[in-house]
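A quick write-up on the structure given underneath.
Numbering (our numbering), first residue to last: 11 to 207.
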């Protein structure tokens with residue numbers, strides 16, 4: 011990754027722009043096709059904007075994960091495999107782990123003697139795990155929008171328990187932005203360390 015005299019931050023930003031240019035071109039080129047669905051009444055403009063924003067943030071996160079892997083590994087092949095492994099884990103691995111966890115927790119909580127607060131805590135934890143996955147976030151945000159009529163949050167009430175659930179797309183943006191910042195910081199730090207050697 012380090013073959014220039016540029017400062018580490020400028021090098022990582024340049025590589026990031028290079029990595030994102032084609033992906034962002036594809037994302038923005040798809041907007042006219044999606045606008046047809048908007049014009050025909052299939053989706054609202056809020057849904058279009060949110061979906062594009064989530065895809066762009068996910069693309070930035072995956073690109074920064076690739077840059078971080080590239081700064082850690084000595085070969086391009088190892089960096090590519092690591093990047094694909096990270097993306098595969100976030101898109102496929104986490105949902106599979108969540109399904110197994112939900113199955114086991116559901117079996118454990120199916121007893122009539124289970125306190126209500128345990129079920130509520132499980133519901134809250136389950137809801138806040140959704141934003142770790144882009145497809146799950148898109149589906150859950152659409153369900154919240156259709157069923158609750160809200161883009162931002164909704165009130166969950168069960169018996170005497172009430173809790174405000176924030177819409178998963180907001181949580182996804184916060185989580186993946188923090189993950190992107192962490193990957194960026196790690197890449198810059200690693201490139202700077204390589205330059206000192």
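All C-beta atoms in this analysis are idealised placements derived from N, C-alpha and C, irrespective of residue type, glycine included. In this text the structure is predicted, and so the values were computed from the model without any measurement.
For residue 53, no beta strand (DSSP E) encloses it, and the DSSP letter there is neither H nor E. Between residue 79 and residue 88, the gap from beta carbon to beta carbon is short of 9 angstroms.
Shown here, residue 167 sits in a strand according to DSSP, grouped into three states. Bridge partners of residue 172 according to DSSP: 167. For the 9 angstroms CB-CB criterion, residue 93 and residue 116 do not form a contact. If you ignore the 5 residues before and after residue 143, its C-beta comes within less than 6 angstroms of the C-beta of 104 and 105, all in its own chain and listed in chain order. Taken through DSSP and simplified to helix, strand or coil, residue 178 comes out as helix.
Counting along the chain, the unbroken alpha helix (DSSP H) around residue 29 starts and ends at 18-39. The beta carbons of residue 162 and residue 176 sit closer together than 9 angstroms.
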